[in-house]
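Asks: Please read through the structure below; I'll follow up with questions.
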Amino acid sequence: MLQVQHPANVVTGTRAVLALTFAVEGPTTLGLTLVVVALALDWVDGQVARRTGTVSAGGARFDMETDAFLIAVLSVYAAPSYGWWVLAIGAARYVLWLAERVLPWLRRPVPPRYWRKVVAAVQGVVLTVALSGILPHALGEALLVVALALLAESFGRDVWWLWRTRLPAGAGLPYPTGGGATLVAAGVVWAALVLPERVGDLLRLPVEALLVLVVALLPWRRARRLAAVTLGVLLGAVVVLHAFDVGFRTVMDRPFDPVADWVYLGPGVGVLGDSIGVAAARATAVAAVVAALAVVALVPAATVRVTGSLSGHRRGVAVAAGVLALAAVAQVGSTNAAVLAIGQVGQVRSDLADRHRFGTEIAADRWAAVPPDRLLGRLRGTDVLLVFVESYGRVAVQGSSFSPGVDSVLDDGSRRLAAAGWTARSGFLTSPTFGAASWLAHSTTQSGLWVDSQRRYDQLLDSDRLTLTSAFSRAGWRTVFDVPADTRDWPEGAAFYGFDRIYDSRDVGYAGPQFGYALVPDQYTWSAFSRLELDRPDRRPVMAEIDLVSSHHPWAPSPDPVPWDRVGDGSVFATTGTQPDSSDVRTLYGQSVEYTMSTLVSWLQTQPDRDLVLLVLGDHQPHSYVTGPDPGHDVPVSVIARDPRLVRRLADPGWTTGLRPAPDAPVWPMSQVRDRFLAAFSS
Numbered sequence: 002m003l004q005v006q007h008p009a010n011v012v013t014g015t016r017a018v019l020a021l022t023f024a025v026e027g028p029t030t031l032g033l034t035l036v037v038v039a040l041a042l043d044w045v046d047g048q049v050a051r052r053t054g055t056v057s058a059g060g061a062r063f064d065m066e067t068d069a070f071l072i073a074v075l076s077v078y079a080a081p082s083y084g085w086w087v088l089a090i091g092a093a094r095y096v097l098w099l100a101e102r103v104l105p106w107l108r109r110p111v112p113p114r115y116w117r118k119v120v121a122a123v124q125g126v127v128l129t130v131a132l133s134g135i136l137p138h139a140l141g142e143a144l145l146v147v148a149l150a151l152l153a154e155s156f157g158r159d160v161w162w163l164w165r166t167r168l169p170a171g172a173g174l175p176y177p178t179g180g181g182a183t184l185v186a187a188g189v190v191w192a193a194l195v196l197p198e199r200v201g202d203l204l205r206l207p208v209e210a211l212l213v214l215v216v217a218l219l220p221w222r223r224a225r226r227l228a229a230v231t232l233g234v235l236l237g238a239v240v241v242l243h244a245f246d247v248g249f250r251t252v253m254d255r256p257f258d259p260v261a262d263w264v265y266l267g268p269g270v271g272v273l274g275d276s277i278g279v280a281a282a283r284a285t286a287v288a289a290v291v292a293a294l295a296v297v298a299l300v301p302a303a304t305v306r307v308t309g310s311l312s313g314h315r316r317g318v319a320v321a322a323g324v325l326a327l328a329a330v331a332q333v334g335s336t337n338a339a340v341l342a343i344g345q346v347g348q349v350r351s352d353l354a355d356r357h358r359f360g361t362e363i364a365a366d367r368w369a370a371v372p373p374d375r376l377l378g379r380l381r382g383t384d385v386l387l388v389f390v391e392s393y394g395r396v397a398v399q400g401s402s403f404s405p406g407v408d409s410v411l412d413d414g415s416r417r418l419a420a421a422g423w424t425a426r427s428g429f430l431t432s433p434t435f436g437a438a439s440w441l442a443h444s445t446t447q448s449g450l451w452v453d454s455q456r457r458y459d460q461l462l463d464s465d466r467l468t469l470t471s472a473f474s475r476a477g478w479r480t481v482f483d484v485p486a487d488t489r490d491w492p493e494g495a496a497f498y499g500f501d502r503i504y505d506s507r508d509v510g511y512a513g514p515q516f517g518y519a520l521v522p523d524q525y526t527w528s529a530f531s532r533l534e535l536d537r538p539d540r541r542p543v544m545a546e547i548d549l550v551s552s553h554h555p556w557a558p559s560p561d562p563v564p565w566d567r568v569g570d571g572s573v574f575a576t577t578g579t580q581p582d583s584s585d586v587r588t589l590y591g592q593s594v595e596y597t598m599s600t601l602v603s604w605l606q607t608q609p610d611r612d613l614v615l616l617v618l619g620d621h622q623p624h625s626y627v628t629g630p631d632p633g634h635d636v637p638v639s640v641i642a643r644d645p646r647l648v649r650r651l652a653d654p655g656w657t658t659g660l661r662p663a664p665d666a667p668v669w670p671m672s673q674v675r676d677r678f679l680a681a682f683s684s
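For reference, each letter of the sequence shown is one residue, going 2 to 684 in this note's numbering.
See the structure below:
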């Protein structure tokens, strides 16, 4: 008959399995049920050990470490709701463990004490009750404070006893050496496999650890080391890609593309420099590069150490490998590293396939062969402005803390424009980008193609696709690009779009101060455009793309408007006031949009040109720390003209009268703008 030599350890082992399962499952109904069972078995294993006469120091240590792990997991899950101080409950045992490695007098066993077990049980019960949500939050928080106080008293009493009874210097118990570095290495490998985005993610069981165990089981030392280095390099690369992926999902609401997205690093450093200064931004970039190199070096070293240590425990490794294999089959545990790696490989393959598909879309253009005399004939003699408002998204006009202020400006502007003889209708477009990369939105609008990646953008600029600008140029308009954010030449864009004239920050005569990202504030942009283009005598009709950048991240107070006849070279803005400053980025964003739109309305009120049509649209939503999660990609668009017939030709019948679109106004994909525009105004 089979006899179990240590039945209490079987019970404790069951508790350990339940604790690990809860770590993976989290504080769901099932997870908390498992915790309750594990806490109940804590009393059972002690009874079994005493009644079967199998009490041992090893069993007591196994029981204590299982308790400590379960409490640590519970505290990690409770901390986001009750405050990070709750982690002190779960960390107490491990802080003492670290202290034992430094202070010899802490290494001796303490006398048995029933109160110690009571306090340990209280921690588990209180954390479980707090996580269950059956008590009011304030009462749960109070119980956690009491539990932490009891734990501090219990640990403090033991530490005080160890201090009072400490042995003379040099007489402390020996302590194993060499394990600290291995434990750190194991933590590094674990984190690389789990790819945590939250503290609780570290408690997930990484199924990919099976690869580490397989490498550890290799019987040949040289082959095992080579395999460990290879696996470590791959894991390090996955960690770096994960960091980029998190950043892109946060800022641009999409995953990182390993083929084309490296181009954003340079502009990203530039934008960061506008926030914290050029020197600090460059130092941050250098630190990020050093960190990435350190990861790529550290993870392989950690993998080699872990596999080398595990190779001496082949039976335990084989059992653990079997458990992980079952976990993979049962689809439990974390597969973050594998999913990311497979996703990145899939992204590369998708990019390669998309290049051919997008090339076909570029070539298929029904407007390319239309004769110039049939293009845009209904706009002959009319100035046309394509106006992009930076970061002007749906969130600016709907459902946010700052949208009432923007809505008020738009409603007031609608009344003022109507009084001045203007007609406006507004709706929404869906932008191909989010948070940044406004050039993707510009090229999508101009080309009639969905340009949602840097790779597509580069491919488009290498083509001769007809754009709104080139269509107007063929039909006889003077074409202009006014981009006050640029500080250097842009030959690729000039060649693709074919602008007759490009104005950037260097050649519009601005002598005033900079306001945040905006080298040139929007009021000066409008004033300079009037002076340089619209006020010229004996000119051809102008088609211009104008980029308004006062609402560009990082947001800062814009200058107070001045009378248009006082704008001059912009030096007047050095002596005027600004909008109120604020530590709240959402407030600053809302103010910047209010400034841009009120300036646009004010400029239109001064325009004597009756033959003027504007398409005013946002390029993308602002960053997620302004929008919140899952805001979508919609941006407002307005058609403005003095001739209501021109507005009706282009605007959707369901669009809203005025500058503020109704929440249920029809939405077009931004890639439809070119074709709708050409169809509306060509014969």
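Backbone N, C-alpha and C fix where the C-beta goes; we use that ideal spot for every residue, glycine too. None of the values given here were measured: they were computed from a predicted structure.
Could you work out which residue in Gly-91, Val-87, Leu-211, Ser-401 is closest to Pro-630 when comparing CA atoms only?
Replies: Minimum Cα distance to Pro-630 is reached at Ser-401.
Asks: Between the C-alpha atoms of Thr-597 and Asp-612, what's the straight-line distance to the nearest angstrom?
Replies: Each residue's Cα considered, the two are about 23 angstroms apart.
Asks: Mind listing, in chain order, the continuous alpha helix (DSSP H) runs of no fewer than 4 residues lying wholly within the stretch 8-42?
Replies: Those alpha helix (DSSP H) runs which fall completely within the stretch 8-42 and span 4+ residues are 8-26.
Asks: Between which two residues does the beta strand (DSSP E) carrying Tyr-504 extend?
Replies: Where Tyr-504 is concerned, the enclosing beta strand (DSSP E) starts and stops at 502-504.
Asks: Return the bridge partner residues of Arg-426 from the DSSP annotation.
Replies: Val-640, Thr-658
Asks: Any idea what DSSP makes of Gly-513, helix, strand or coil?
Replies: coil
Asks: CB-CB under 6 angstroms to Trp-368, same chain, minus the five flanking residues each way: which ones, in chain order?
Replies: The answer, listed in chain order, is Leu-467, Leu-679.
Asks: Would you call the CB atoms of Thr-480 and Phe-497 closer than 9 angstroms?
Replies: Contact: no.
Asks: Tell me the DSSP bridge mates of Phe-389?
Replies: Residue pairing from DSSP places Phe-389 in a beta bridge opposite Asp-548, Leu-618.
Asks: For the stretch 633-647 against the stretch 423-441, are there 3 or more C-beta pairs whose distance is under 8 angstroms?
Replies: yes
Asks: What are the start and end residues of the beta strand (DSSP E) that includes Val-668?
Replies: 668-670
Asks: Tell me whether the stretch 393-413 and the stretch 617-632 touch, counting them as touching only if at least three CB pairs, one residue from each stretch, are closer than 8 angstroms.
Replies: At 8 angstroms Cβ cutoff, the stretches touch.
Asks: Would you mind sorting His-357 into buried or exposed? The rule is 16 or more other CB atoms within 10 Å of its CB.
Replies: Classification of His-357: exposed, given that the 10 Å Cβ count is below 16.
Asks: Would you report the Cα separation of Pro-632 and Thr-434, rounded to the nearest angstrom?
Replies: 12 angstroms
Asks: As a quick exercise: from Gly-27, Asp-68, Thr-34, Leu-35, pick the residue whose alpha carbon is nearest that of Asp-43.
Replies: Distance check between Asp-43 and each of Gly-27, Asp-68, Thr-34, Leu-35 places Asp-68 closest, using alpha-carbon atoms only.
Asks: Distance, Cα to Cα, Gly-179 vs Val-307?
Replies: Its pLDDT being 48, under 50, Gly-179 is placed unreliably in this model, and the coordinates cannot settle the point.
Asks: Give the list of continuous alpha helix (DSSP H) stretches no shorter than 4 residues that lie fully inside the stretch 51-113.
Replies: 58-83, 88-103
Asks: Taking 8 angstroms as the cut-off, does the stretch 516-533 touch the stretch 548-556 (at least 3 CB pairs, one atom from each stretch)?
Replies: In this structure the stretch 548-556 lies against the stretch 516-533, because at least three pairs of beta carbons, one per stretch, are closer than 8 angstroms.
Asks: Using the Cα positions of Asp-412 and Leu-601, report the straight-line distance between them to the nearest angstrom.
Replies: 13 angstroms
Asks: Just verifying my parser: in three-state terms, what is the DSSP assignment at Asp-453?
Replies: Coil.
Asks: Are Leu-71 and Ala-39 closer than 9 angstroms when you measure CB to CB?
Replies: Contact flag set, yes.
Asks: Could you compute how far the alpha carbon of Arg-502 sits from the alpha carbon of Ala-210?
Replies: 59 angstroms
Asks: Return helix, strand or coil for Leu-149, following the three-state DSSP convention.
Replies: helix
Asks: By DSSP, does Leu-3 sit in helix, in strand, or in coil?
Replies: Low confidence applies to Leu-3: its pLDDT is 36, below 50, so where it sits in the model is not reliable, and the reading given next is rough at best. It is coil, neither helix nor strand.
Asks: Return helix, strand or coil for Arg-479, following the three-state DSSP convention.
Replies: strand
Asks: Between the Cα of Arg-650 and the Cα atoms of Thr-22, Val-640, Leu-31, which residue gives the shortest distance?
Replies: Val-640
Asks: Less than 6 angstroms between C-beta atoms, sequence neighbours within five positions excluded: which residues of the same chain meet that for Thr-526?
Replies: The beta carbon of Thr-526 sits closer than 6 angstroms to the beta carbons of Pro-485 from its chain, once the five residues preceding and following it are set aside; these are given in chain order.
Asks: Tell me, please, which residues DSSP counts as bridged to Leu-613.
Replies: Asp-384
Asks: Would you identify the three-state DSSP class for Pro-485, choosing helix, strand or coil?
Replies: coil
Asks: Mind checking which residues open and close the alpha helix (DSSP H) that includes Pro-492?
Replies: 492-498
Asks: When DSSP labels each residue in this structure, what does Ala-519 get in the three-state scheme?
Replies: strand
Asks: Could you tell me the distance, in whole angstroms, from the CA atom of Arg-102 to the CA atom of Arg-109?
Replies: 12 angstroms
Asks: Considering Cα atoms alone, identify which of Thr-577, Asp-536, Thr-579, Ser-415 is closest to Gln-606.
Replies: Relative to the Cα of Gln-606, the nearest Cα in the group Thr-577, Asp-536, Thr-579, Ser-415 belongs to Ser-415.
Asks: Is there contact between the stretch 126-135 and the stretch 71-90, where contact requires at least three CB pairs shorter than 8 angstroms?
Replies: yes
Asks: May I ask you to report which of helix, strand or coil DSSP gives Pro-207?
Replies: Pro-207: strand per DSSP, three-state reduction.
Asks: So is Asp-246 buried or exposed if we call it buried at 16+ other beta carbons inside 10 Å?
Replies: buried
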